[in-house]
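Undergrad:
There are 2 protein chains.
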Amino acid sequence: MPTLDEYAKPSVAVDLAIMTVIDGDLCVLLVNRPEGDIVGWAMPGGFVHIDEALEDSVQRVLSEKVGTKPIHFEQLATYGALGRDPRSRVISIVYLALCPSEVLGGANLAKVIIDWEGEVGGRVAAQMNGARLPLAFDHAAILGDVVKRLRGKLDYSPIGFALLPKRFTLREVQEIHEAILGKPLKKPPFRRKLLDRGMIVPTGEFETGGAYRPAELYEVKSKE
Amino acid sequence: MPTLDEYAKPSVAVDLAIMTVIDGDLCVLLVNRPEGDIVGWAMPGGFVHIDEALEDSVQRVLSEKVGTKPIHFEQLATYGALGRDPRSRVISIVYLALCPSEVLGGANLAKVIIDWEGEVGGRVAAQMNGARLPLAFDHAAILGDVVKRLRGKLDYSPIGFALLPKRFTLREVQEIHEAILGKPLKKPPFRRKLLDRGMIVPTGEFETGGAYRPAELYEVKSKE
DNA sequence: ATAATAGTGTCTATTAGACAATATCCT
DNA sequence: AGGATATTGTCTAATAGACACTATTAT
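Here the protein sequences line up with chains A and B, keeping their order. Those letters in the first sequence? Residues 1 to 224, by the working numbering. Those letters in the second sequence? Residues 1001 to 1224, by the working numbering.
1) Short check: CB of residue 175 of chain A to CB of residue 24 of chain A, under 7 Å?
2) Give the range of the beta strand (DSSP E) segment to which residue 1048 of chain B is assigned.
3) With a threshold of 8 Å on Cβ separation, who are the neighbours of residue 198 of chain A within its own chain once the five nearest residues in sequence on each side are excluded?
4) By the three-class DSSP mapping on this structure, what secondary structure does residue 245 of chain A have?
5) Put residue 1007 of chain B into one of helix, strand or coil per three-state DSSP.
6) Throw me the rounded Cβ distance for the residue 45 of chain A and residue 61 of chain A pair, which I believe falls under 8 Å.
7) Look at the Cβ atom of residue 1022 of chain B, then the Cβ atom of residue 1088 of chain B, and state whether they are nearer than 7 Å.
8) Note down, in chain order, all residues in the stretch 1175-1193 of chain B with a beta-carbon under 8 Å from any beta-carbon belonging to chain A.
9) Determine, for residue 208 of chain A, whether the minimum Cβ-Cβ distance to residues of chain B falls below 7 Å.
10) What are the residues in the stretch 68-91 of chain A lying within 7 Å of chain B by C-beta distance?
11) Hey, out of B:1095, B:1026, B:1034, B:1160, whose CA is closest to residue 1114 of chain B's CA?
12) Under a three-way DSSP split, which group does residue 88 of chain A fall into?
13) Short check: CB of residue 169 of chain A to CB of residue 207 of chain A, under 7 Å?
14) Report the residue from B:1110, B:1014, B:1029, B:1042 whose alpha carbon sits nearest the alpha carbon of residue 1137 of chain B.
15) Residue 1048 of chain B touches chain A at which residues, Cβ-Cβ below 8 Å?
16) Which residue from A:210, A:151, A:109, A:166 puts its Cα closest to that of residue 183 of chain A?
17) So what does DSSP say about residue 1161 of chain B, is it helix, strand or coil?
18) Does the Cβ of residue 1003 of chain B have 16 or more other Cβ atoms within 10 Å, making it buried, or fewer, making it exposed?
19) Please list the partners that residue 51 of chain A has in chain B, where partner means a Cβ-to-Cβ separation under 9 Å.
20) Can you find a C-beta in chain A that's less than 7 Å from the C-beta of residue 1150 of chain B?
21) Can you find a CB in chain A that lies within less than 7 Å of the CB of residue 1054 of chain B?
22) Exposed or buried, which one is residue 172 of chain A when buried takes at least 16 other CB atoms within 10 Å?
23) Give the straight-line distance between the Cα atoms of residue 1031 of chain B and residue 1108 of chain B, rounded to the nearest whole angstrom.
24) Which whole runs of the alpha helix (DSSP H) in the stretch 177-215 of chain A are 4 residues long or more, in chain order?
25) Residue 97 of chain A and residue 134 of chain A - do their beta-carbons sit closer together than 7 Å?
26) Along the alpha helix (DSSP H) that carries residue 1058 of chain B, what are the first and last residues, could you check?
27) Measure the CB-CB distance between residue 141 of chain A and residue 128 of chain A and report whether it falls below 7 Å.
28) Can you give me the C-alpha to C-alpha distance between residue 1160 of chain B and residue 1193 of chain B, rounded to a whole angstrom?
29) Using a Cβ-Cβ cutoff of less than 8 Å, which residues in the same chain neighbour residue 1225 of chain B once the five nearest sequence positions on both sides are dropped?
30) So what does DSSP say about residue 66 of chain A, is it helix, strand or coil?
31) Name, in chain order, the residues that DSSP records as bridge partners for residue 111 of chain A.
32) Which term fits residue 1037 of chain B, buried or exposed, when burial requires 16 or more other beta carbons within 10 angstroms of its beta carbon?
33) Identify every residue that forms a DSSP beta bridge with residue 1015 of chain B.
34) If you compare alpha carbons, which of B:1211, B:1190, B:1167 is closest to residue 1204 of chain B?
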């Protein structure tokens, strides 16, 4: 109930869409809601404290609930529909965070199943080990927006490299792009476009351990 | 102060960047803050009520403070730095709204002066009748983001048409684009690109009243 | 030698931009 | 008729995509 001198305020939360690519599949880190509460899987999140900047809330949720630092994060959008959390009015500021899969060891990574392909305003499903996971709140729709943002920014921004280790082969970059776009790409044009962008430079070193011809390792060009 | 069973909550507001183009200048609707309060000019805004969806807050602010309905509005971003409102912690969800200048009669429209040209993260200045207006809060930086969003979406989305009346000439479209991009465009390539997009259709009617040859009127193609 | 992948060369289709020429309408 | 703008035509540069080919390495 509102006090005398102020209106009741909504709660404000940050929710994190922590994305990675594993074996050619776009994946998101989800947490299982405790029983008796909201059922289903949800993006990790937390309330924004009164003395805490939004990015600090993001960092706190990362260290409290995830235990890792993403390479890149950016604000996606804010969701404030009335019934989105049935317990109370919560406005969620959603951040998109990107990590290479290596640094997310042991976390609950759910494969993101895009089931709209071409339509607009799409939702998304999630599965883990082949089983469908129920998504809590409006997180299926939010993840649809996440995928749209990723696809939109993929080839004119360096976000794809945030999903890769410091040094990577061109094939690995292509696998990331194919996973996000959900379609295969031709190798030669992809290589050119990438190299013509001028965002990456060859290191002169080569991958090891693989069968057959090793590919050169590249890294993101440091801004001079 | 927080009550026993909950933390203190930030306030949540919506702020509106209501943009238009007048005589080739990108303009924004601002309100003058009352004296004794925050000094300077600010975007119109209001607090989000506990039982009100974000878009409903936007509509309420529009009817209370502006008295007009924009052709198009979309969420831009959410700003929550700690000191942005010196009176209390306020998190602002900023919406970008677009209107043709004809429907904003008599409002306080300030010309947006872009003073960064090419750099990243830019702020913006405002002037009215040639005099510089002081911008309150972090609204100079927010308006920088507004301009960036406008420029980025201009030529692959129909937002430019939201600044025009229902029927318009190709020259008028070009003037809108030049105002937003801040640079002149060549007429023939601009015409083709626009027509090849397939988003507008000729009406067969022509403008009247102007000196010299009248141009054909176009309108946005209705989706079938 | 062979298999499998890395990397290159060439061609074509599409698109964006520059520039010149023509068409049309008002005064 | 003349002036200003609308509209069209042609050319060029840059880009994206398809496809064939060569190069390199582990087995």
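The beta carbon of each residue, even a glycine, is placed where N, CA and C say it ideally should be. Only a predicted model underlies this, so the values are computations on that prediction, with no experimental measurement involved.
TA: Reading off the structure:
1) Taking the C-beta atoms as reference points, residue 24 of chain A is found nearer than 7 Å to residue 175 of chain A.
2) Residue 1048 of chain B: not part of any beta strand (DSSP E); DSSP gives it neither H nor E.
3) Excluding positions up to five away in sequence, the list reads 221.
4) There is simply no residue 245 of chain A to check, as chain A begins at 1 and stops at 224 in what is shown.
5) Three-state result, residue 1007 of chain B: coil.
6) Right, their Cβ atoms sit about 6 Å apart.
7) Contact flag unset, no.
8) Shown here is that no member of the stretch 1175-1193 of chain B has a Cβ falling below 8 Å from a Cβ of chain A.
9) Not closer than 7 Å to any Cβ of chain B, the Cβ of residue 208 of chain A fails to qualify, so no.
10) Cβ contacts with chain B: 75, 77, 78, 80, 81, 82, 89, 91.
11) Ranking the options by Cα distance to residue 1114 of chain B, first place goes to B:1026.
12) DSSP, read as helix, strand or coil, puts residue 88 of chain A in coil.
13) Cβ distance < 7 Å, so residue 169 of chain A and residue 207 of chain A count as in contact.
14) For the residues B:1110, B:1014, B:1029, B:1042, the minimum Cα distance to residue 1137 of chain B belongs to B:1042.
15) Simply 10, 80, 91.
16) For the residues A:210, A:151, A:109, A:166, the minimum Cα distance to residue 183 of chain A belongs to A:151.
17) Secondary structure of residue 1161 of chain B (DSSP, three-state): helix.
18) Its pLDDT being 45, under 50, residue 1003 of chain B is placed unreliably in this model, and the coordinates cannot settle the point.
19) For residue 51 of chain A, the chain B residues whose Cβ falls inside 9 Å of its Cβ are 1008, 1082, 1089, in order along the chain.
20) No Cβ of chain A is located within less than 7 Å of the beta carbon of residue 1150 of chain B.
21) At least one chain A Cβ lies under 7 Å of residue 1054 of chain B.
22) Residue 172 of chain A comes out buried.
23) Roughly 7 Å between the two C-alpha positions.
24) Uninterrupted alpha helix (DSSP H) stretches at least 4 residues long and entirely within the stretch 177-215 of chain A occur at 187-197, given in chain order.
25) Their beta carbons are not under 7 Å apart, which means residue 134 of chain A does not touch residue 97 of chain A by this criterion.
26) For residue 1058 of chain B, the enclosing alpha helix (DSSP H) stretches over residues 1054-1061.
27) Cβ atoms of residue 141 of chain A and residue 128 of chain A: not closer than 7 Å.
28) Rounded to whole angstroms, residue 1160 of chain B to residue 1193 of chain B spans 14 Å at the Cα level.
29) Because chain B spans 1001 through 1224 in this model, residue 1225 of chain B falls outside it and cannot be assessed.
30) Residue state for residue 66 of chain A is assigned as helix, using DSSP reduced to three classes.
31) In the DSSP output, where bridge partners are listed per residue, residue 111 of chain A has A:27, A:127.
32) Flag for residue 1037 of chain B reads exposed.
33) In DSSP, residue 1015 of chain B forms a bridge with B:1045, B:1094.
34) If we check each option's Cα against that of residue 1204 of chain B, B:1167 comes out closest.
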